[in-house]
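Encoded as structure tokens, the structure appears first; notes follow it.
Residue numbers (the working numbering), protein chains in the order written: chain A, 401 to 908; chain B, 2 to 373.
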């Protein structure tokens, strides 16, 4: 909350996804590829099999071009983007885990140097020395996963760290081991999907055998991934798991993501069994692409699920997605957001601009004005109201899409009874705009009360968000004046009026 | 309303005393500088050499361009790898300033990633498609790589100047481009570019002298060494001039801070200036480096030492820039000595493993059936 806000039409979350998703795919390939390539070379040496050796060699070119370049830069990119969109969070993580990251850097050095040497020394050094380099590469790459896995899982399940603030309590948190198991499977899965492409270049007589060899690796990767995923689900605290599983999941979109994730894994498995093992003669670049897309979809789905179940937190029960600390709620409610941050105060010259600044500080980490998770589309408008009163059909589609989320206890017919008629609305549109502003006020007030509920939650343990209203939203914090300013700003947005776009750091 | 634009320090505190992070930041930044100089200076130098050679494989400058870019395929990776550590440590102790600066220059800072990817792949494309040995010419790939790395240097200097001057953040928020009008911007950028060119030229000369001494392509290597040596000489001449210019245009409180900082600030600065002038004298004494391999190695060693000392001075200049701001804050120290010790042990073990691996590779050449 203390930092300037970068206004990004795309949305910070979307930008992070664009950088992070390709990175995790490539980085897991770098780990799994390290294992597969060196095992393949080891087998080639033992069996004196030049075709297998050629597979390892060709794959190592992919490894060097994709992982040491794109993987390394996009890894730095995650820090870069995190610093731009969530500086408080990355700062909190770094101040807690700086030695963890420093240790990962050591493994990163080993990984990168070994990768460069491995690729360069084909045909130039003894087989034994080359295999040694390959194994050292894999060890370096895997150990970097061992470290970063602790920090990633900490964010979702900080466990005893919430009570003790101790490094290792957070590192070896409840989902550490299942996640490591799962990511090991994913790494093998990613590696096989990449290595199928160089395998297609094997000689006609050996191609089937080599594809089968990769197929068994793939099945192994899928089995590990599935087992790891179910283990991960099983150890999640019920407060988190109930968001997306069980008879009545709290967040249906996340439940759909879970189904999608497991179906994608199934498709990858079926393709692996059919195309790579049962009928490798059918393998083509196109089938390899489909298989890779299914594997990526599984991985992307899991990452989406992991990120989604953390909502509304970036560090569960400690820091919200907008950088607000749970422990700061009371103080900021007393003093105000604008007293807390110079950047928020900057440009807040009247009530409307104050509302805009409050929105930027508290809401813009998830909501853009008109793009991804558009706030304007989430607000009630004159046209929405008109649609509800004009739609007389049973079940009322307009009611379901515009009102039901907040008024589940009211039927469409009852709602129409309460609202003015279309003719009355046309006569006095200002009345409807005032009504909308009142609804926005109620919604923001509920978010303020949500903050009080978070503030009252027992410290030192995971907060059960499923028990709270709007369990995926951070609370509103601030003074009454700031709350009213935010409502005014949102009401202006809901009218569709143009509101001056703020510059980085808070307007002029 | 809070008028202070400087964010608060992180409430989590620091997991070691501040001085330790200062040491680690300077040391790892020095490591990064060594490879960065090779990447930036080497790519620009390779471009010049390639253009001078007309893309001919039989011209010694074509050989030089190919050789430099062959090194750079590793150099770029190691620049990124060694850059990770200072990026980590700066976020630990200067996060209030660093994040704010990157947000104020967000589009540029983000663009750095795309520029880096483009520059890196362009360097590979030159190696595989464009180097004179491939017979197709490839000045375009090399130009792309050189321009990308130059732009990245521009971005880094801009971010550095913004993060060091919180008193200018208000104005910068209304127009971040004004950082390019900072009186120190261009001399500072030039200081990095010239250092890169000088260092890359010296490494090239040193390598060519070694090859010539081994009797490999004596004629080409002698010509490469002479050509690179002249580049090292003239860029160092300009570097000394630019260094004094940069010192003169520093804000008065910063310059005063250096001059009145006693031995702590004056010793590194004086040593760096003396080393710079010494380098100049060593470079000027030699016309044919192949004849004086000892002096060439000594000059390279002196330049590495100069980079190390200047890393300290650069850090002190930053501290002086930020002094009015940092004086307002104090970190809570929550030491994690066990984790730090683990890091040190693993760093030593990791570097020893890398050393063992490289030694094993260098002592295991093979041919025929035993070749991997």
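Think of the CB as a built atom: it goes at the ideal place given N, C-alpha and C, for glycine as much as any other residue.
Status (buried if at least 16 other CB within 10 Å, exposed otherwise) for residue i
{"i": "residue 601 of chain A", "result": "exposed"}
{"i": "residue 480 of chain A", "result": "buried"}
{"i": "residue 172 of chain B", "result": "exposed"}
{"i": "residue 681 of chain A", "result": "exposed"}
{"i": "residue 365 of chain B", "result": "buried"}
{"i": "residue 869 of chain A", "result": "exposed"}
{"i": "residue 839 of chain A", "result": "buried"}
{"i": "residue 670 of chain A", "result": "exposed"}
{"i": "residue 95 of chain B", "result": "buried"}
{"i": "residue 664 of chain A", "result": "buried"}
{"i": "residue 504 of chain A", "result": "buried"}
{"i": "residue 759 of chain A", "result": "buried"}
{"i": "residue 282 of chain B", "result": "exposed"}
{"i": "residue 301 of chain B", "result": "buried"}
{"i": "residue 12 of chain B", "result": "exposed"}
{"i": "residue 757 of chain A", "result": "buried"}
{"i": "residue 355 of chain B", "result": "buried"}
Contacts that residue i makes with chain C (C-beta to C-beta distance below 7 Å)
{"i": "residue 402 of chain A", "result": "This model lacks chain C altogether, as its protein chains are A and B."}
Inter-residue spacing [alpha-carbon to alpha-carbon] between residue i and residue j
{"i": "residue 908 of chain A", "j": "residue 727 of chain A", "result": "Annotation note: pLDDT 34 at residue 908 of chain A (below 50); position unreliable, coordinate value reported separately. Going from the Cα of residue 908 of chain A to the Cα of residue 727 of chain A covers about 32 Å."}
{"i": "residue 70 of chain B", "j": "residue 523 of chain A", "result": "22 Å"}
{"i": "residue 17 of chain B", "j": "residue 844 of chain A", "result": "41 Å"}
{"i": "residue 244 of chain B", "j": "residue 200 of chain B", "result": "16 Å"}
{"i": "residue 308 of chain B", "j": "residue 403 of chain A", "result": "34 Å"}
{"i": "residue 417 of chain A", "j": "residue 285 of chain B", "result": "54 Å"}
{"i": "residue 527 of chain A", "j": "residue 445 of chain A", "result": "8 Å"}
{"i": "residue 241 of chain B", "j": "residue 21 of chain B", "result": "31 Å"}
{"i": "residue 99 of chain B", "j": "residue 634 of chain A", "result": "40 Å"}
{"i": "residue 638 of chain A", "j": "residue 569 of chain A", "result": "20 Å"}
{"i": "residue 706 of chain A", "j": "residue 478 of chain A", "result": "17 Å"}
{"i": "residue 361 of chain A", "j": "residue 357 of chain B", "result": "This structure gives no information on residue 361 of chain A, because the portion of chain A shown stretches from 401 to 908."}
{"i": "residue 458 of chain A", "j": "residue 736 of chain A", "result": "60 Å"}
{"i": "residue 246 of chain B", "j": "residue 178 of chain B", "result": "23 Å"}
{"i": "residue 252 of chain B", "j": "residue 104 of chain B", "result": "24 Å"}
{"i": "residue 950 of chain A", "j": "residue 846 of chain A", "result": "There is simply no residue 950 of chain A to check, as chain A begins at 401 and stops at 908 in what is shown."}
{"i": "residue 264 of chain B", "j": "residue 270 of chain B", "result": "10 Å"}
{"i": "residue 353 of chain B", "j": "residue 289 of chain B", "result": "37 Å"}
{"i": "residue 89 of chain B", "j": "residue 33 of chain B", "result": "13 Å"}
{"i": "residue 558 of chain A", "j": "residue 716 of chain A", "result": "7 Å"}
{"i": "residue 554 of chain A", "j": "residue 454 of chain A", "result": "41 Å"}
{"i": "residue 412 of chain A", "j": "residue 539 of chain A", "result": "34 Å"}
{"i": "residue 126 of chain B", "j": "residue 142 of chain B", "result": "6 Å"}
{"i": "residue 873 of chain A", "j": "residue 329 of chain B", "result": "34 Å"}
{"i": "residue 313 of chain B", "j": "residue 334 of chain B", "result": "24 Å"}
{"i": "residue 567 of chain A", "j": "residue 487 of chain A", "result": "20 Å"}
One or two residues paired with residue i in a DSSP bridge
{"i": "residue 725 of chain A", "result": "A:719"}
{"i": "residue 713 of chain A", "result": "A:720"}
{"i": "residue 15 of chain B", "result": "B:334"}
Inset, instruction - May I have a chain-ordered list of the alpha helix (DSSP H) segments no shorter than 4 residues that lie completely inside the region 297-370 of chain B? - result: 338-363
Legend entry - Minimum length 4: unbroken alpha helix (DSSP H) runs contained in the region 81-121 of chain B: 96-105
Legend entry - Sequence ranges, alpha helix (DSSP H) only - wholly within the region 637-704 of chain A, length at least 4: 638-641 and 652-671
Legend entry - Whole alpha helix (DSSP H) elements within the region 412-459 of chain A, 4-residue minimum: 412-447
Legend entry - Contained alpha helix (DSSP H) runs [length at least 4] in the region 524-551 of chain A, N- to C-terminal order: none
Inset, instruction - Run through the region 174-260 of chain B for me and flag every whole alpha helix (DSSP H) of 4 or more residues, listed as ranges in chain order. - result: 186-214, 219-250 and 253-260
Inset, instruction - For the region 350-361 of chain B and the region 30-42 of chain B, state whether three or more C-beta atom pairs, one from each stretch, are separated by less than 8 Å. - result: no
Inset, instruction - May I ask you to verify whether the region 406-423 of chain A touches the region 579-596 of chain A, counting CB pairs closer than 8 Å and requiring at least 3? - result: no
Legend entry - Inter-stretch contact at 8 Å, needing at least 3 Cβ pairs: the region 720-736 of chain A / the region 847-859 of chain A: yes
Inset, instruction - Decide if the region 506-522 of chain A is in contact with the region 536-547 of chain A; the criterion is three or more beta carbon pairs, one per stretch, under 8 Å apart. - result: yes
Inset, instruction - Say whether the region 458-476 of chain A touches the region 318-335 of chain B, bearing in mind that this needs 3 or more beta-carbon pairs closer than 8 Å, one atom from each stretch. - result: no
Legend entry - Cβ contact (3+ pairs, closer than 8 Å) linking the region 63-77 of chain B and the region 340-352 of chain B: no
Inset, instruction - Would you check if there are 3 or more beta carbon pairs closer than 8 Å linking the region 684-691 of chain A to the region 595-611 of chain A? - result: yes
Inset, instruction - Decide yes or no for the touch test of the region 211-225 of chain B against the region 176-193 of chain B: beta carbon pairs closer than 8 Å, at least 3 of them. - result: no
Inset, instruction - Could you pull out every unbroken alpha helix (DSSP H) segment of at least 4 residues lying fully inside the region 604-637 of chain A, listed in chain order? - result: 604-635
Inset, instruction - Mind the definition here: the region 740-756 of chain A touches the region 883-899 of chain A only if three or more C-beta pairs lie below 8 Å; say whether that holds. - result: yes
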